[in-house]
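A.B. asks: My structure is below; once you've seen it, I'll send some questions.
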Ligand code: I3P
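Numbering (the numbering used here), first residue to last: 1465 to 1590.
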């Protein structure tokens, strides 16, 4: 039946480790706290997990991420003046939550940038 067919909500587009910090909540600036996080990009969401093992057990009704953001209407760019680190991605949700994502590997950051941007663009077109 259609309810059992795979859809975009269930397809993991990308997963991997990145450094992450939330820098604003609802437009209010937060103090930076960089941590290593396991990211899963699936459907309309970017999900953050502490542990890749928990993420591996992910099912639509199963284990919940530590936090999750809706990418619909989100904006992404490269953080130029927001960090002393290199290869830093900046994104902002429609609700005014802002995050920085970083890897010392330029390739890793580039791949994530393109993947997240691709999802945002697809959602913009829906
Ligand atoms: C912050 C910490 C962050 C740094 C931030 C500092 O200090 O060193 O790593 O961000 O810089 O304020 P603290 O641990 O005392 O809060 P970056 O590594 O991204 O540069 P900032 O205040 O210029 O954003």
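No residue lacks a Cβ here, since even glycine has one placed at the ideal position from N, Cα and C.
Residue 1536 and residue 1587: beta carbons closer than 7 Å?
C.D. replies: Yes.
A.B. asks: Taking the DSSP output, what are the residues bridged to residue 1498?
C.D. replies: Beta-bridge pairing links residue 1498 to no other residue.
A.B. asks: In its own chain, which residues sit with a C-beta less than 6 Å from the C-beta of residue 1486, not counting the 5 before and 5 after it?
C.D. replies: These residues qualify, in order along the chain: 1494, 1563.
A.B. asks: Quick one: using the 10 Å Cβ neighbour count with 16 as the cut-off for buried, is residue 1578 buried or exposed?
C.D. replies: It counts as exposed.
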